[in-house]
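Engineer: Sharing a structure, written as structure tokens. Questions coming.
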Amino acid sequence: MTTHPTRTALRLLFDFVGAIEVFNLSSIDTLNPVSPQAAAITRLFLGVLVILAVIFVLVSGLVVYAIVRYRERPGSSMPRQLAGSRKLEFLWTAVPIGLLATVFVFTAKTMRAANPKKGTRPADLLVVGHQWWWEVKYLKSGVITANEIHLPVGKAVLIQLEAADVIHDFWVPQLGRKIDAIPGHTNYLWLRADRPGVYSGICAEFCGTEHAWMRFEVVVQSPEEFTAWEQAQLKIPQPPSEPEALAGMKLFNELTCVNCHRLAGTRANQTAGPDLTHLAQRRMLAGGAAVNNPQTLAEWLKDPDRIKPGSNMPNFHLSDAQVRALVAYLETTK
Amino acid sequence: MKGHEFTEGIAGLVGERERVGWFSHEGLLGWVASVDHKQVGLMYIVAAFVFFGLGGIEALLMRIQLAVPNNHFLSPETFNALFTMHGTTMIFFVAMPLLTGFTVYLVPLMIGARDVAFPRLNAMSFWLTLFAGLMLYFSFFAGGAPSAGWFSYTPLSEAAFSLRSGQDYWILSLIVAGIGTVAGAINIIVTVVTLRAEGMTMKRLPLFVWMNFVNAFLMLFALPVLNAALVMLLIDRQLHAHFFTPASGGSALLWQHYFWAFGHPEVYIVILPAFGMISEIIPVFSRKPIFGYEFVAASTVAIAFLSFTVWAHHMFAVGLGHIANLFFAVASMSIAVPTGVKIFNWTATMYGGQLRFTTAMKFAVAFIVMFTIGGLSGVSFAVVPIDWQLTDTYYLVAHMHYVLFGGTVLASFAGIYYWFPKFSGRLLSERLGSWHFWLTFVGLNLTFFIQHILGMMGMPRRVFTYPALPYWAAFNMLSTIGAFVLLIAMLVFLYNVVMSLRYGETAGDNPWDAWTLEWATTSPPPVENFVRIPPIHGRRPLWDLAHPELADELGKVDA
Ligand SMILES: [Cu+2]
Ligand SMILES: [Cu+2]
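Going down the list, the protein sequences come from chains A and B.
All residue numbers for the first sequence refer to our numbering, where the first residue is 1 and numbers rise by one.
All residue numbers for the second sequence refer to our numbering, where the first residue is 1001 and numbers rise by one.
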């Protein structure tokens, strides 16, 4: 999180120059769809953008022409006191109505393509928004994880979306529409990605203190890789043999961690915090507030507020030895 | 004064002898005790600018925090409180009182009345608004400002998730301001209906009056919806009811329906009076009558009706269902038509005219172009699938600032430069005005245009910081620089006002050679406005007086 100020300044400068010289359209997520749903929206968006741009050029062109042509000049005579024209009024009422009707037809069409009906099929995946992390549960295989969704490439997956506390919003710009996760109201969303890769997602509805760090990632893999991942996730970790990790396991059970978290194979089975079973395999920590590695994990356990101030993970004021033990343990539960 | 409370309503009709007592005070008390619509109007405007300063500081703090990724300048809680206060302040304590100030100052003058229909009610509306704003800001000292956003979605704004009393201050403050607004709306409606001078028929009303008349109905119907919802939220928080708490059987979404049933009309409440100002200023500096008077007026009525049928376009991401989404898409798109009619009529007014580029005219013309950007990006939100992608992102932040800053604020500055001589008797400096205009124009576009792209890149609104993704840092820095250009612009404006109040050129009654009735009296006007009202035979009484050979003939306006 902390970078040297001069390096930051330099990078900013490069960013600026880069932005002017070769602004790379591929960094605009909503214009680089990876699913049929998102592609349908992108097509519609580009079409509408062209129409809007034409109207803008027309209006500002008319204004600029008026500014240049009708500027008051010395000695010019009194302008004609023209007060209106019914023909013109008709024209600029009827033409926009026609345009909007056209846009509406495409809107209605795209709505179905971008948000296919759920049908009667049961959901594949349960995603629950929490302040400020995402619980993820594969309903068929039983895999439970957090802030990271793995998908086999090209396969449409039906998500059942819920919220545990306040309203959140599930959004992966490259994969399609956003949709609210609402307490007491279940929503469904088809998720699909046609190219392997990692797509970043974020909570898009303001949900309190750490709304900014409620990011998640969608990891899209080949079917084989996905199956391998699923199998690995289902493995129940064995108690470690190494003494430090063993001490960590003891601590994990003694401290109140078990009241909030789940870790398969232990008595920890709660959903107030993210599942920790295969934490070490995950790419990021605390909803994207840090990348996940033993150092950041130690920092997190030492003082969660330093990484994500205001999160619901308490500071236990652990000693360095306790932190080392817990990290050692959580790194073995892969 | 005993016994007059009950006849307050006719004070505007008969009042001078009775009410003279109110004006005998000098100095500060003369203002505090005043029920004169001009003094009340100016107090609204001054109060709005004080809050504009506060809201602006909040915005700058946020832009500093967002200038670089992973910044720690502000804590997340502080940032959240700042955008909540910024939004609430700008809507309820800047846009509304600023426009209301123009309205209560100008409407009686423009219709040839001596005051509004209920002068004391008018003063009450102002003081309610001012104290509501002070109450909101008092929350800073009473345990922390509210931080659930200006639309305070439930259940986040409920006691379980927003512990601080700031949320209660927010509720109470908006209830109080809402009462003041409704009272003010009734006042304007009655004033326009009953106090028009002889000859000032509804068809001859200046468009500024027309739009405020329509706007008063919008306020009258929209604000009570908000106030009812606020009371319910307060009952939830303080008396443990469950209107909006899903955990105990309430509905999280009900609040959103209530809020936006108010909130969309509110968007027009803070733009219609601005439309009104533009509709006065552009014709005067084009030396021509407004193009298509009836169509500009009628499209206002159409907008007002439609604005009550589109609220759920703020809720497309909620998952309301296909049919509901289709309905609200059609309704939202159709509101673009009457808005477009206005834009084309303003533009057409300039054609064939002799444009005088005073500062007021510069702001007014810039308004047309900037508001068009905001209006067009607004259309993209009516296209449901685009909304699904871009709502709650910086694209939306850009959109609403082109509407509110590019629209309401630019129009208000046009209005200030145009009517300042009437308010104060002195002209604002045109040289400083030009600086003010160009800095505002550049700053506005620098700050907000790039935010469209940030939104399309996936940057959500209301995040206190963001990761260093490609270009995010550069674009946010650009936006922050723009915000500081705007700060300089505002300082130039402030300097202009201070200097011009003292040393400005004397304005005279009618410095712009304008034609509505406020220019028929002295600058500033005397207590009861007019010594004598000129004859009113058309929409431009002073023009008719000055150019009898070119006098407007009603009905013969078509090309
Ligand atoms: Cu969230
Ligand atoms: Cu709206």
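The beta-carbon is built from N, C-alpha and C at its ideal position, and this holds for glycine as well.
Would Arg-177 of chain A and Trp-1388 of chain B qualify as a contact pair, given that the criterion is a beta-carbon distance under 7 Å?
Structural biologist: If you number the first sequence from 1, residue 177 of chain A lands on position 177. If you number the second sequence from 1, residue 1388 of chain B lands on position 388. Their beta carbons are under 7 Å apart, which means Arg-177 of chain A touches Trp-1388 of chain B by this criterion.
Engineer: In whole angstroms, what separates the C-alpha of Glu-1266 of chain B from that of Thr-256 of chain A?
Structural biologist: Looking up residue 1266 of chain B in the second sequence gives position 266. Looking up residue 256 of chain A in the first sequence gives position 256. Whole-angstrom Cα-Cα distance: 49 Å.
Engineer: Closer than 6 Å by C-beta to Ala-1398 of chain B: which residues in its own chain qualify, once you throw out the five before and the five after it? Chain order, please.
Structural biologist: Taking the first residue of the second sequence as position 1, residue 1398 of chain B is located at position 398. So the list reads Phe-1448, Gln-1451 and His-1452, once near-sequence residues are dropped.
Engineer: Let me know the secondary structure DSSP gives Asn-187 of chain A once reduced to three states.
Structural biologist: For the purposes of this step, residue 187 of chain A is taken as residue 187 along the first sequence, with counting starting at 1. Asn-187 of chain A falls in the strand class under three-state DSSP.
Engineer: Is the CB of Leu-349 of chain A under 7 Å away from at least one CB in chain B?
Structural biologist: In the structure as shown, chain A starts at 1 and stops at 334, and residue 349 of chain A therefore has no counterpart that could be examined.
Engineer: With a floor of 3 residues, list each beta strand (DSSP E) that falls wholly inside the region 1408-1438 of chain B, ordered by position along the chain.
Structural biologist: Those beta strand (DSSP E) runs which fall completely within the region 1408-1438 of chain B and span 3+ residues do not exist here.
Engineer: Kindly examine ligand 1 and report whether one of its heavy atoms sits closer than 6 Å to the Cβ of Met-214 of chain A.
Structural biologist: What you label residue 214 of chain A is simply residue 214 of the first sequence in a count that begins at 1. Checking the Cβ of Met-214 of chain A against ligand 1 gives yes.
Engineer: Which residue wins for smallest C-alpha separation from Gly-47 of chain A, given the options A:Ser-27, A:Gly-61 and A:Leu-100?
Structural biologist: On the first sequence, residue 47 of chain A is found 47 positions in, with the first residue counted as 1. Among A:Ser-27, A:Gly-61 and A:Leu-100, the Cα nearest to that of Gly-47 of chain A is on A:Leu-100.
Engineer: What number of angstroms, rounded off, separates the C-alpha of Trp-1435 of chain B from the C-alpha of Phe-1083 of chain B?
Structural biologist: As a working note, residue 1435 of chain B is residue 435 in the second sequence. As a working note, residue 1083 of chain B is residue 83 in the second sequence. Each residue's Cα considered, the two are about 29 Å apart.
Engineer: With ligand 4 as the reference, list in chain order each residue whose Cβ lies under 7 Å from any of its heavy atoms.
Structural biologist: Summarising the ligand content, the structure contains ligand 1 and ligand 2 and does not contain ligand 4.
Engineer: Just mark Ser-26 of chain A as buried or exposed, buried being the case when its beta carbon has 16 or more other beta carbons within 10 Å.
Structural biologist: By one-based count along the first sequence, residue 26 of chain A stands at place 26. Exposed.
Engineer: Give a yes or no on whether the C-beta atoms belonging to Asn-335 of chain A and Arg-282 of chain A are separated by under 7 Å.
Structural biologist: Because chain A spans 1 through 334 in this model, residue 335 of chain A falls outside it and cannot be assessed.
Engineer: So the candidates are B:Ser-1429, B:Val-1270 and B:Leu-1098; which of them puts its Cα closest to the Cα of Asn-1215 of chain B?
Structural biologist: If you number the second sequence from 1, residue 1215 of chain B lands on position 215. Residue B:Val-1270 is the option with its Cα nearest to Asn-1215 of chain B.
Engineer: Just the chain B side, please: which residues come within less than 8 Å of Ser-60 of chain A by C-beta, in chain order?
Structural biologist: Here the question's residue 60 of chain A lines up with position 60 in the first sequence. Per Cβ cutoff of 8 Å: Val-1369 and Thr-1372.
Engineer: Which residues in chain B sit within 8 Å of Val-48 of chain A, going by Cβ to Cβ distance?
Structural biologist: What you label residue 48 of chain A is simply residue 48 of the first sequence in a count that begins at 1. Those within 8 Å of Val-48 of chain A in chain B are Val-1379, Ser-1380, Val-1383 and Ile-1386.
Engineer: Any heavy atom of ligand 1 closer than 6 Å to the CB of Cys-257 of chain A?
Structural biologist: Here residue 257 of chain A refers to the residue found at position 257 of the first sequence. No; taking the cut-off as 6 Å, the Cβ of Cys-257 of chain A has no heavy atom of ligand 1 nearer than that.
Engineer: Closer than 8 Å is the cut-off here; do at least three beta carbon pairs connect the region 1170-1180 of chain B with the region 1227-1236 of chain B?
Structural biologist: Output reads yes: the region 1227-1236 of chain B touches the region 1170-1180 of chain B.
Engineer: Kindly list the residues whose CB is nearer than 7 Å to the CB of Thr-110 of chain A, restricted to its own chain and excluding five residues on each side of it in sequence; keep chain order.
Structural biologist: Position 110 of the first sequence, counted from the start, is the residue given in the question as residue 110 of chain A. If we look at Thr-110 of chain A and ignore the five residues flanking it on each side, its Cβ neighbours are Ala-40, Ile-41 and Leu-44.
Engineer: Whole angstroms are fine: how far does the CA of Ile-1373 of chain B sit from the CA of Ala-1366 of chain B?
Structural biologist: Position 366 of the second sequence, counted from the first residue, corresponds to residue 1366 of chain B. Position 373 of the second sequence, counted from the first residue, corresponds to residue 1373 of chain B. Using only the alpha carbons, I get a separation of about 11 Å.
Engineer: Do Met-1477 of chain B and Ala-1067 of chain B have their beta-carbon atoms positioned less than 7 Å apart in this structure?
Structural biologist: Start at 1 with the first residue of the second sequence, and residue 1067 of chain B comes out as number 67. Start at 1 with the first residue of the second sequence, and residue 1477 of chain B comes out as number 477. The answer is yes: Cβ separation under 7 Å.
Engineer: Residues in the same chain with beta-carbon distance under 6 Å from Tyr-1044 of chain B, minus the five sequence neighbours each way, listed in chain order, please.
Structural biologist: For the purposes of this step, residue 1044 of chain B is taken as the residue at position 44 of the second sequence. Taken in chain order, the residues that qualify are Pro-1097, Thr-1100, Gly-1101 and Phe-1126.
Engineer: If you reduce the DSSP assignment to three classes, tell me which class Trp-133 of chain A lands in.
Structural biologist: Reading the first sequence from its first residue, position 133 is the one you call residue 133 of chain A. Of the three classes helix, strand and coil, the one that applies to Trp-133 of chain A here is strand, per DSSP.
Engineer: Counting contacts by CB-CB distance shorter than 7 Å, is Glu-1549 of chain B in contact with chain A?
Structural biologist: Translated into positions along the second sequence, residue 1549 of chain B becomes position 549. Answer no: the Cβ-Cβ gap between Glu-1549 of chain B and chain A never drops below 7 Å.
Engineer: Please determine whether the Cβ atom of His-168 of chain A lies at a distance below 6 Å from any heavy atom of ligand 1.
Structural biologist: The count along the first sequence starts at 1 and reaches residue 168 of chain A at position 168. For ligand 1, at least one heavy atom lies less than 6 Å from the Cβ of His-168 of chain A.
Engineer: State the CB to CB distance for the pair Arg-1426 of chain B and Glu-1505 of chain B, rounded to an integer number of angstroms; the pair is presumed to be in contact (CB under 8 Å).
Structural biologist: Reading the second sequence from its first residue, position 426 is the one you call residue 1426 of chain B. Reading the second sequence from its first residue, position 505 is the one you call residue 1505 of chain B. Yes, they are in contact, since the Cβ atoms of Arg-1426 of chain B and Glu-1505 of chain B sit about 6 Å apart, within 8 Å.
Engineer: State buried or exposed for Pro-1548 of chain B, treating a residue as buried only when at least 16 other CB atoms are found within 10 Å of its CB.
Structural biologist: Here residue 1548 of chain B corresponds to residue number 548 of the second sequence, with the count starting at 1. Pro-1548 of chain B is exposed by the Cβ-count criterion.
Engineer: Under 7 Å, Cβ to Cβ, is there at least one residue of chain B near Asn-187 of chain A?
Structural biologist: In the first sequence, counting from the first residue as 1, residue 187 of chain A sits at position 187. Answer yes: the Cβ-Cβ gap between Asn-187 of chain A and chain B drops below 7 Å somewhere.
Engineer: Pick out whichever of A:Ala-268, A:Val-323, A:Trp-300 and A:Trp-213 has its Cα sitting closest to the Cα of Gly-129 of chain A.
Structural biologist: Translated into positions along the first sequence, residue 129 of chain A becomes position 129. Of the candidates A:Ala-268, A:Val-323, A:Trp-300 and A:Trp-213, the one whose C-alpha sits nearest the C-alpha of Gly-129 of chain A is A:Trp-213.
Engineer: Would you grab the beta carbon distance between Gly-1352 of chain B and Gly-84 of chain A for me? Rounded to a whole angstrom, and I think it's under 8 Å.
Structural biologist: Position 352 of the second sequence, counted from the first residue, corresponds to residue 1352 of chain B. Position 84 of the first sequence, counted from the first residue, corresponds to residue 84 of chain A. Gly-1352 of chain B to Gly-84 of chain A, Cβ: 12 Å. No contact.
Engineer: Helix, strand or coil for Cys-203 of chain A, going by three-state DSSP, please let me know.
Structural biologist: The residue labelled residue 203 of chain A in the question sits at position 203 within the first sequence. Note: Cys-203 of chain A maps to strand in three-state DSSP.
Engineer: Just to confirm my understanding: we take His-1314 of chain B, look at its own chain, exclude 5 residues before and 5 after, and list those with CB closer than 6 Å. What are they?
Structural biologist: Residue mapping note: residue 1314 of chain B aligns to position 314 of the second sequence, counting from 1. Within the same chain, His-1314 of chain B has close Cβ partners Trp-1260.
Engineer: Do we get a CB-CB distance below 7 Å when we pair Tyr-70 of chain A with the residues of chain B?
Structural biologist: Taking the first residue of the first sequence as 1, we reach residue 70 of chain A at position 70. True, the Cβ-Cβ gap to chain B drops below 7 Å.
Engineer: Do Ala-1252 of chain B and Pro-1385 of chain B have their CB atoms nearer than 7 Å?
Structural biologist: On the second sequence, position 252 is the one that residue 1252 of chain B refers to. On the second sequence, position 385 is the one that residue 1385 of chain B refers to. Contact flag unset, no.
Engineer: Identify, in the order they occur along the chain, each residue of the same chain with its Cβ nearer than 6 Å to the Cβ of Ser-1412 of chain B, setting aside the five sequence neighbours on each side.
Structural biologist: On the second sequence, position 412 is the one that residue 1412 of chain B refers to. Excluding positions up to five away in sequence, the list reads Leu-1098.
Engineer: With 16 as the cutoff for other CB atoms within 10 Å, does Met-1560 of chain B come out buried or exposed?
Structural biologist: Absent from the model: residue 1560 of chain B. The displayed extent of chain B is 1001 to 1559, so no value can be given.
Engineer: Work out the CA separation of Thr-1201 of chain B and Val-1193 of chain B for me, nearest whole Å.
Structural biologist: As a first step, residue 1193 of chain B must be located in the second sequence, where it is residue number 193. As a first step, residue 1201 of chain B must be located in the second sequence, where it is residue number 201. If you take the alpha carbons of Val-1193 of chain B and Thr-1201 of chain B, they lie about 10 Å apart.
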